[in-house]
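Novice:
Residue numbers (UniProt numbering): 1 to 252.
#1: Whole-angstrom Cβ separation of residue 108 and residue 226, contact assumed at under 8 Å?
#2: State yes or no: is the C-beta of residue 59 nearer than 7 Å to some heavy atom of the ligand HEM?
#3: According to DSSP, is residue 144 part of a helix, a strand, or is it coil?
#4: Report the three-state DSSP secondary structure of residue 2 (helix, strand or coil).
#5: Quick check on residue 29: does DSSP put it in helix, strand or coil?
#6: For residue 171 and residue 203, what's the separation of their Cα atoms in angstroms?
#7: Pick helix, strand or coil for residue 136, following the three-state DSSP scheme.
#8: Using CA coordinates, which residue listed in 80, 45, 37 and 222 is at the minimum distance from residue 150?
#9: Can you list, in chain order, the residues of its chain with a C-beta nearer than 6 Å to that of residue 215? Leave out the 5 residues immediately preceding and following it.
#10: Distance check for residue 218 and residue 186, CA to CA, integer angstroms please.
#11: Give the straight-line distance between the Cα atoms of residue 115 and residue 152, rounded to the nearest whole angstrom.
#12: Residue 124 and residue 164: beta carbons closer than 8 Å?
#13: So what does DSSP say about residue 131, is it helix, strand or coil?
#14: If residue 82 and residue 49 are in contact, beta carbons under 8 Å, what's the gap, nearest whole angstrom?
#15: Unbroken alpha helix (DSSP H) runs of length 4 or more, entirely within the stretch 33 to 65: which are they?
#16: Given residue 99, which residues of its chain have a CB within under 8 Å of its CB, disregarding the five upstream and five downstream residues?
#17: Ordered along the chain, which non-local residues of its own chain (more than five positions away) have a Cβ less than 6 Å from that of residue 90?
#18: Grab the span of the beta strand (DSSP E) containing residue 23 for me, first residue to last.
#19: Going by DSSP, what residues sit across from residue 88 in a beta bridge?
#20: Taking the beta carbon of residue 113 as the centre, do at least 16 other beta carbons fall within 10 Å, making it buried, or is it exposed?
#21: Going by alpha carbons, who is nearest to residue 158 out of 126, 54, 72 and 118?
#22: Given a cut-off of 8 Å on the beta-carbon distance, is the pair residue 117 and residue 145 in contact?
#23: Have a look at residue 228 and residue 137 and give me their C-alpha separation to the nearest angstrom.
#24: Starting from residue 183, follow the beta strand (DSSP E) in both directions and report where the run begins and ends.
#25: Using three-state DSSP, classify residue 169 as helix, strand or coil.
#26: Can you find the residues in the same chain that come closer than 8 Å, C-beta to C-beta, to residue 207, ignoring five residues on each side of it along the sequence?
#27: Take the Cβ of residue 177 as the centre, count every other Cβ of all protein chains shown within 10 Å, and call the residue buried at 16 or more, exposed below.
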């Protein structure tokens, strides 16, 4: 499988930027999602995030909705029936995402749009039950743009039966055909941040000061959590060294 990766952002002297694996929409590409995000989101948002864009594992098997707008090639994460209850290559998709996270990580979270958002919204729940992403660190944050829930009963039970604890921000478009499904997804998360926009199924701009303030607040929340995690990790390392020095006989 071919992977196209573009990483934006990096480490800062003041704080480590949250690192996200970005999952594009159905029959688009990582490069297309990158162009959409960087064209529409201000530098005050994108420069605070470390974003890694990858292509889905499967070549487009039909017409893409972005033909004539963005150049090919186009990719899809998995295939599905009309009712969105049966999926083809779903397990292969999960393995592929895990491989990307191993190869290009570690990651703090997932950012997804459309089909990528559906995956991003479900993966924390699957991971918590040991049914996906078992080789990588816990997903700490998700950014969901135009998302929805899986309708397959087995996948839905595994992904959403317990409230998903990780901090999340969800973008809901007033005319998005997935809007009601995105609202249903909110019910599976604890204290989700919801940013409304007047557009449809698209990567939105931050249309007013309130929505931008909410996103800035979410970024600040992530930075504080990561800083706290780093302090705790350092404390454990120091404590471990002290114990080895005091009780060397306990070290095998």
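By construction, the Cβ of each residue, glycine as well, lies at the ideal position given by its N, Cα and C atoms. None of the values given here were measured: they were computed from a predicted structure.
Specialist: Put simply:
#1: 7 Å
#2: This structure lacks the ligand HEM, and indeed carries no ligand of any kind.
#3: strand
#4: Residue placement at residue 2 cannot be trusted, given a pLDDT of 47 that sits under 50; what the coordinates show is reported in the next sentence. Three-state DSSP puts residue 2 in coil, outside helix and strand.
#5: coil
#6: 9 Å
#7: coil
#8: 80
#9: 45
#10: 16 Å
#11: 15 Å
#12: yes
#13: coil
#14: So it is not a contact: roughly 35 Å between Cβ atoms.
#15: 43 to 46
#16: none
#17: 78
#18: 19 to 23
#19: 79
#20: buried
#21: 126
#22: yes
#23: 16 Å
#24: No beta strand (DSSP E) contains residue 183, which is instead part of the alpha helix (DSSP H) from 179 to 186.
#25: strand
#26: 197 and 198
#27: exposed
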